[in-house]
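Chains as they are written, first to last, in my numbering: chain Y, 23 to 130; chain B, 23 to 130; chain L, 23 to 130; chain Z, 23 to 130.
Below: the structure, in structure tokens.
4 protein chains.
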Amino acid sequence: MLHKQHQQLIEALQSCIVACNHCYDACLKEEDIQMMAGCIRLDRECAEICSYLAQALCRDTPFTAELASVCAAICEACGNECRQHDHEHCQKCADACFQCAEACKKIA
Amino acid sequence: MLHKQHQQLIEALQSCIVACNHCYDACLKEEDIQMMAGCIRLDRECAEICSYLAQALCRDTPFTAELASVCAAICEACGNECRQHDHEHCQKCADACFQCAEACKKIA
Amino acid sequence: MLHKQHQQLIEALQSCIVACNHCYDACLKEEDIQMMAGCIRLDRECAEICSYLAQALCRDTPFTAELASVCAAICEACGNECRQHDHEHCQKCADACFQCAEACKKIA
Amino acid sequence: MLHKQHQQLIEALQSCIVACNHCYDACLKEEDIQMMAGCIRLDRECAEICSYLAQALCRDTPFTAELASVCAAICEACGNECRQHDHEHCQKCADACFQCAEACKKIA
């Protein structure tokens, strides 16, 4: 049985994975793609670490704190990058990233 | 914007990832672990392919049909294995696997 | 003990993972990034499926044929896209993708 | 172009991924599987984080130090667990894990 805090983190991670991959896909379709290179890069990094952590939590990894700490740092970096762009997918992604970073910090 | 069918599949995949990793973790804590070896193995395989497909769908992969087809086969194999064991985590995992297999087949 | 064919495939997959991620990184630094969007996308897809298959093979997955078949298709698509671009990283990536696709087909 | 230190780490990570997945597979086939539960668990965790880091390095992640630090901790935990078991696959896995941990620490 998962603790409530873990359940909330898993939901935040799953939302963040979806938002980051959507933003990644949408950035690659933008006209100003040159400006989105940092966003594309961080979207992938963030989606991958969130995906890793979500699975690791569900299998009761003994490295929860260390992994959540790294994940929080990557979520924040991705959120900060996305926040700078006006595209709706970037703003939504920033929201998901910051929520996920907060949830990670409670565990880290 | 995701099609409704993709959204349903992503939710089914996310539930299946959680159920498979829980079942994997619980199997490793069972006394009759020798009997659970096949289950442990398929839980991991299923969680990993579902995690891959969930991300690939969100980034609009051009290989949706091929990946969903393989994922359906792995979900069914995992569901069939889990269904044979009385543990509650195995039965719940079987349910999640079969639901996910159905959702995959609609896309495949 | 791995069969020789599996060992060759694992080496081809590992080379392909490195080449695809290098190409992805280099494409995101190119001036003509707009033209590289398809390449960036396929580089990620190819690296991720190769990474999945390499691990699955090492743990003796029962789904070798199905996974190698999907992996071959994605490697070929990535190789075809990369082959169209003159950048050295794209040409090297195309070579790695086509070699990996061949190795996958021997197993599939 | 990768620095030499990164190339050495990528090779250590790839060897560790193979060794951990072999050991995981072999542990699941052992008669004394009850005693191998911790090893199975850590083999998976270690293979997954090494696979993540190998890819992240190749795409020039900005989080090299943080990720290598977590990876070193997981490699050491897996190496310590494997070292306690006489099976040849466990001893080989321990060697690969400790080599990989050392390579991670040079970057972290």
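Glycine is no exception: its CB is placed at the ideal position from the N, C-alpha and C atoms.
Check                                                                                                                                    : Outcome
Three-state secondary structure (DSSP) of residue 51/B                                                                                   : coil
Where residue 85/B sits in the DSSP three-state scheme                                                                                   : coil
Three CB pairs or more closer than 8 Å across the stretch 86–102 of chain B and the stretch 91–100 of chain Y                            : no
Proximal residues to residue 86/L (C-beta, below 7 Å), its chain only, five neighbours per side dropped                                  : 79, 129
Nearest neighbour of residue 66/Z, chosen from 107/Z, 29/Z, 93/Z, 82/Z [CA to CA]                                                        : 93/Z
Interface flag, residue 129/B vs chain Z, CB-CB below 9 Å                                                                                : no
Short CB-CB distance (under 9 Å) between residue 115/Z and chain Y                                                                       : no
Chain-order list of residues whose beta-carbon lies under 8 Å from that of residue 104/L (same chain, five-residue window excluded)      : 45, 61, 64, 65, 112, 113, 115, 116, 119
Any chain L beta carbon closer than 9 Å to residue 39/Y                                                                                  : no
Alpha helix (DSSP H) segment containing residue 107/Z, residue limits                                                                    : Looking at the DSSP string, residue 107/Z is not in any alpha helix (DSSP H), and its letter there is neither H nor E.
Span separating the alpha-carbon of residue 51/B from that of residue 50/Z                                                               : 14 Å
Own chain, CB closer than 7 Å to residue 27/L, minus 5 neighbours either side, in chain order                                            : 128, 129
Contacts around residue 125/B, its chain only, beta-carbon distance under 7 Å, and the 5 residues preceding and following it disregarded : 30, 31, 34
Residue 85/Z: contacting residues in chain Y (beta-carbon distance under 9 Å)                                                            : 67, 71, 92, 95, 96, 99
Where residue 81/B meets chain Z, residues with beta-carbon distance less than 8 Å                                                       : Residues of chain Z passing the Cβ test: none, with the nearest at roughly 15 Å.
C-beta neighbour in chain Y for residue 16/L, strict 9 Å                                                                                 : Absent from the model: residue 16/L. The displayed extent of chain L is 23 to 130, so no value can be given.
CA-to-CA distance, residue 110/L to residue 47/B, given in whole angstroms                                                               : 45 Å
Contact belief for residue 95/Y with residue 88/Z at Cβ below 8 Å, rounded distance in angstroms                                         : 6 Å
For residue 130/B, the three-state DSSP class (helix, strand or coil)                                                                    : coil
Cα-Cα separation between residue 53/L and residue 43/Z, rounded to whole angstroms                                                       : 40 Å
Chain Z contact residues for residue 47/L, given Cβ-Cβ distances below 8 Å                                                               : 80, 81, 82
Within chain B, the residues that residue 19/L reaches when beta carbons sit closer than 7 Å                                             : The structure shown does not extend to residue 19/L, since chain L is modelled only from 23 to 130, so the question has no answer here.
Under 8 Å by beta carbon: chain Y residues contacting residue 32/B                                                                       : 40
Chain B within 9 Å of residue 63/L, Cβ atoms only                                                                                        : yes
C-beta neighbour in chain Y for residue 125/L, strict 9 Å                                                                                : no
Enclosing alpha helix (DSSP H) for residue 77/L [first to last residue]                                                                  : 59–80
CA-to-CA distance, residue 91/Y to residue 41/Z, given in whole angstroms                                                                : 27 Å
Assigned exposure category for residue 107/Z - 16 Cβ within 10 Å defines buried                                                          : buried
Classification of residue 57/B by the beta-carbon crowding that lies within 10 angstroms, buried from 16 upward                          : exposed
Interface partners of residue 111/L on chain Z, CB under 8 Å                                                                             : The contacting residues do not exist; residue 111/L stays about 10 Å from chain Z at best.
is_contact[residue 118/Z, chain L] using C-beta, thresh 9 Å                                                                              : no
Reduced DSSP secondary structure (H/G/I, E/B, other) of residue 28/Z                                                                     : helix
Proximity winner among 72/B, 25/B, 84/B, relative to residue 122/B (alpha-carbon distances)                                              : 72/B
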